[in-house]
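The block underneath contains the structure these notes are about, expressed in C-alpha cells.
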Amino acid sequence: MQIRLENLTKAYDKGAFKAVDQLSLTFEPQKLTVLIGPSGCGKTTVLKMINRLIERTGGDILFDGKSIDQIDRIQLRRQIGYAIQNIGLFVHMNVFDNIAVVPRLLKWPEKKIKSRVEELLELVNLDPYVHRYKYPAQLSGGQKQRVGVARSLAADPKVILMDEPFGAIDPINREKLQDAFIDIQEKIKKTIIFVTHDIREAIKLGDKIVIMDNGRIVQYGDTVKVVNKPKNAFVESLLGSDRVLKGLEMMRVKDNYATDFLSINVQESTTVGKALEYLENKKKPYAYVIGQKDVLLGYCTLEDLRKRNFHDELIGQIQKIESVQPHSNLMEAIIKMVESGSTSCPVVDSELQLLGIIRFQTLVDIMSTYERVEV
Amino acid sequence: MALFSYLFDNIPYILEKTWEHLYLFLISWSFAVITGIIIGILSSRGGKEKIGRVVLSITGATQAIPSTAVIALVFIFMGIGALPAMFALFIYTLVPVTFNTASGLINCSPDMKEAALGMGMTKRQILFKVELPTSVPAIASGVRTAAVINIGTAAIASMIGAGGLGEIIFIGLRLMDVSKIFAGALPVALLAISIDALLALAERAIMSEGLLLSKEN
Numbered sequence: 005m006q007i008r009l010e011n012l013t014k015a016y017d018k019g020a021f022k023a024v025d026q027l028s029l030t031f032e033p034q035k036l037t038v039l040i041g042p043s044g045c046g047k048t049t050v051l052k053m054i055n056r057l058i059e060r061t062g063g064d065i066l067f068d069g070k071s072i073d074q075i076d077r078i079q080l081r082r083q084i085g086y087a088i089q090n091i092g093l094f095v096h097m098n099v100f101d102n103i104a105v106v107p108r109l110l111k112w113p114e115k116k117i118k119s120r121v122e123e124l125l126e127l128v129n130l131d132p133y134v135h136r137y138k139y140p141a142q143l144s145g146g147q148k149q150r151v152g153v154a155r156s157l158a159a160d161p162k163v164i165l166m167d168e169p170f171g172a173i174d175p176i177n178r179e180k181l182q183d184a185f186i187d188i189q190e191k192i193k194k195t196i197i198f199v200t201h202d203i204r205e206a207i208k209l210g211d212k213i214v215i216m217d218n219g220r221i222v223q224y225g226d227t228v229k230v231v232n233k234p235k236n237a238f239v240e241s242l243l244g245s246d247r248v249l250k251g252l253e254m255m256r257v258k259d260n261y262a263t264d265f266l267s268i269n270v271q272e273s274t275t276v277g278k279a280l281e282y283l284e285n286k287k288k289p290y291a292y293v294i295g296q297k298d299v300l301l302g303y304c305t306l307e308d309l310r311k312r313n314f315h316d317e318l319i320g321q322i323q324k325i326e327s328v329q330p331h332s333n334l335m336e337a338i339i340k341m342v343e344s345g346s347t348s349c350p351v352v353d354s355e356l357q358l359l360g361i362i363r364f365q366t367l368v369d370i371m372s373t374y375e376r377v378e379v
Numbered sequence: 022m023a024l025f026s027y028l029f030d031n032i033p034y035i036l037e038k039t040w041e042h043l044y045l046f047l048i049s050w051s052f053a054v055i056t057g058i059i060i061g062i063l064s065s066r067g068g069k070e071k072i073g074r075v076v077l078s079i080t081g082a083t084q085a086i087p088s089t090a091v092i093a094l095v096f097i098f099m100g101i102g103a104l105p106a107m108f109a110l111f112i113y114t115l116v117p118v119t120f121n122t123a124s125g126l127i128n129c130s131p132d133m134k135e136a137a138l139g140m141g142m143t144k145r146q147i148l149f150k151v152e153l154p155t156s157v158p159a160i161a162s163g164v165r166t167a168a169v170i171n172i173g174t175a176a177i178a179s180m181i182g183a184g185g186l187g188e189i190i191f192i193g194l195r196l197m198d199v200s201k202i203f204a205g206a207l208p209v210a211l212l213a214i215s216i217d218a219l220l221a222l223a224e225r226a227i228m229s230e231g232l233l234l235s236k237e238n
C-alpha cells in the first residue's frame, strides 16, 4: 500500500504552534522508512495522524490515492499494525489472546486465528508451545516486545506503524531484537513507518530515512545516500561524527565479500609438509582450512607451519578463527578482525560452510566514499 | 455457657431476624453495586475525567460521614421502616463501589488503552475488553468492602424500625443483657465473614490469572 502525505499539518493553539508544518512525503511500499529528529520535531505526531490517533488540521493523507477522510477510522486502524514503546500488552490476556485481538475484531474463524498466532510466534522466535498460554507478567522485556511486534502483524496488515518499539529495552537485547526484526522484515516485506530518536537504530533498520526538524522534512532519501551525503550541518550533526562507522553497520557482509580466498581441504592424511608446499607455490602467507562439506575449521600460516614437523598431521596444527555470516553487518566484521588481530575475516553460512572472505581494504574503500559537508 | 443461653433458646427467632438482615443487605447492596458501577463508568469516560475526579473526591469524603448520621438523615426525610433503612444502606454502600470502580478505570494503564485504540477497538470494546477486566481487582475490593459495611450498618438500621439482627442487639443493650447482645452480634459477624468469603471466591473466578501474576510482580 502506498501512503502519501500532502501538505500534512497539525496546528495547536489556533495555528500559533505547528507541530507538523505542510509536510509532503510518499512512503515507499514494502520499505521500512524511519522518521527521526530531535524530540518535538513532530515525528510521532506524523505517525499518529496516519492511524488518526491524532486528527490533522490541514492537508491530507492518501492511502493508494484515497483520502483518509473516506475511510472509517476504526476500519482503518484494524488494517494498520501498531506497535508502541511501552508495548501495552493486555496484562489480563495470555500471549495467544493478545496476538488474536485484531483478527478477532475482524471476525476471523478461530481455526485461522490459531494457525496465524502459531505462525507469528515462530516468526518472532518464540516457541508457540512454550509461550502461547503465558501471561505478560511471565515474560521478559524482550519477549514482551516480540509479542508486541507479533501482535502488530497479526491481521497481516499492509502497513505497520512503530513508535520507538525497542526504546525501552536494554542495549544488548535491543541489538538482538533489531537483528531479528531485520530478518522478519526481509521475509514479510511490509510498508513500515518507524519512529525513533536513536540514529544508530535508524541507520541499521531504515531502507529510507526522513530527517525532521520543527515539523518539517530536512532530508529524505535512501539511508545509504543520507549517510553518505548529509544535506547540511544539522543532518551531519544528527548522524554524529562516527557516521562513517554507523554506515558500515547498515551494510551487509553478503553484499561485500570476496570469493578469491585460499583454502586447504584437509583430510586425515594431509600433512604439514603438503600444506607448506601448497602455500609456497601460491606465494600466500596463510590459508583457511576446511573439512568435510567445506566446513571451516580454522586457518594455518606459513610462518607457523615452518616451525612444525613435516610429517605431522595438519589437522593438529589448525588455528581457530572468528567468522561472520552473510547477514552480519560490516561493523561486526571489523570487530572480529580487531579481536583476532587479522586484516580479514572468513564468511560462513549457518552450517559453517566457508563462503568467502571480507578484507579490511574493502572496508577502507567503502569508508573513503563518504562525503563531508562543507561548513 | 450463659453467653450462649439466649442464642440456643431462641434459634427460630434468631434465624428469622437473620433472614430479615440478609434481606435488607441483599436488596440495598445489589442496587448499590449496579448503580455504583454505572456511575463509576460514566464518570471515568474520556473527556469527563474532570467529572470523574469530582465524583472521586465527593464519594471519598462521604465515606467519612458516620453511618449513624446517614441513617438519621434518611429517617428525618423518609420516616421509619424497612424501605427507608434500605435506602440509607443503599446510599452508604454506593460510596465504596463508585469510588473503586472509577479509580480502577481511571488508573487503567494508558499504554494498554493506546494500544487498544490504535488496534481499532471501539470505545465500548475498550471498556468491556480492556478497562473493566483490568479493573476487576479494584471493583471487587469495592464490592466486598461495600458488603461488609452494609451488613454492619444494617444492624444500626434497626434503630429506625427496619428489623434484622440489630433489633436483638438494641434490646440487649437496653436490658444490659450480654447474652442477648451476643445472640445478635455473633450472627452479624458470621454473616459478614461468610458473605465476604463468598465474594472472594467469586472474585477469583472472574479475575484473569494474568492480573494475579502481574500483581505479584
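Same order as they appear, the protein sequences are chains A and B.
In terms of this note's numbering, the first sequence opens at residue 5 and continues consecutively.
In terms of this note's numbering, the second sequence opens at residue 22 and continues consecutively.
A virtual CB, placed ideally from N, CA and C, is assigned to each residue, including glycine.
Note that the structure is predicted; figures quoted are calculated from it, not measured.
- By the rule that beta-carbons nearer than 8 Å mark a contact, PRO154(B) touches chain A.
- Burial state of GLN149(A) is buried, judged by a 10 Å Cβ sphere holding 16 or more other Cβ atoms.
- For a cut-off of 8 Å, the C-beta gap from ARG312(A) to GLU253(A) is around 40 Å, too long to register as a contact.
- For ILE322(A), no pairing in a beta bridge is given by DSSP.
- Think of a sphere of 7 Å around the beta carbon of VAL95(A): the chain B residues whose beta carbon falls inside it are THR155, GLY231, LEU232, SER235, in chain order.
- Annotated three-state conformation of GLY19(A) is coil, per DSSP.
- In the structure shown, the three-state DSSP call for TYR137(A) is coil.
- Looking only at LEU249(A), GLN147(A), LYS14(A), the smallest Cα-Cα distance to GLU126(A) is reached by GLN147(A).
- In the three-state reduction of the DSSP assignment, GLN74(A) falls in the helix class.
- Taking a 10 Å sphere around the C-beta of TYR374(A), we find fewer than 16 other C-beta atoms and assign the residue as exposed.
- Judged by DSSP in its simplified three-state form, GLY102(B) adopts coil rather than helix or strand.
- Counting along the chain, no alpha helix (DSSP H) covers GLN357(A), and no H or E run does either.
- For ALA141(A), the nearest beta carbon of chain B is closer than 8 Å to its own beta carbon.
- When DSSP states are grouped into helix, strand and coil, ALA104(A) belongs to the coil group.
- Under the 10 Å beta carbon count, GLY345(A) is surrounded by fewer than 16 other beta carbons and is classified as exposed.
- The criterion of a C-beta distance shorter than 8 Å is not satisfied by MET133(B) and PHE100(A).
- With its beta carbon at least 8 Å from every one in chain A, VAL164(B) lies outside the interface.
- In the structure shown, ILE54(A) adopts helical secondary structure according to DSSP, grouped into three states.
- In the three-state DSSP reduction, THR13(A) falls in the strand class (E or B).
- With distances taken between CA atoms, VAL95(B) lies nearest to ALA109(B) out of GLY102(B), ALA123(B), THR83(B), ALA109(B).
- Within the same chain, and ignoring the five residues on either side of ILE170(B) in sequence, the residues whose Cβ sits closer than 8 Å to its Cβ are SER88, TYR113, THR114, PRO117.
- GLU224(B) has a beta carbon lying at 8 Å or more from every beta carbon in chain A.
- Among the residues facing chain A, THR143(B) is included, as its CB has a counterpart in that chain under 8 Å away.
- Taking a beta-carbon distance threshold of 8 Å, GLY139(B) counts as an interface residue toward chain A.
- Taking 7 Å as the Cβ-Cβ cut-off, the stretch 100-123 of chain A approaches chain B at VAL105, VAL106, LEU109, given in chain order.
- Only SER130, PRO131, ASP132, MET133, LYS134, GLU135 from the stretch 117-135 of chain B bring a Cβ to less than 9 Å from some Cβ of chain A.
- Restricted to the stretch 136-202 of chain A, the alpha helix (DSSP H) segments that are unbroken, complete and at least 4 residues in length are 145-157, 175-192, listed in chain order.
- Residue contact check for ILE91(A) against chain B: a CB pair falls below 8 Å.
- Comparing C-alpha distances from SER49(B) to each of VAL164(B), ARG225(B), ALA206(B) shows the shortest one belongs to VAL164(B).
- Secondary structure note for MET216(A): its beta strand (DSSP E) is the uninterrupted segment 212-217.
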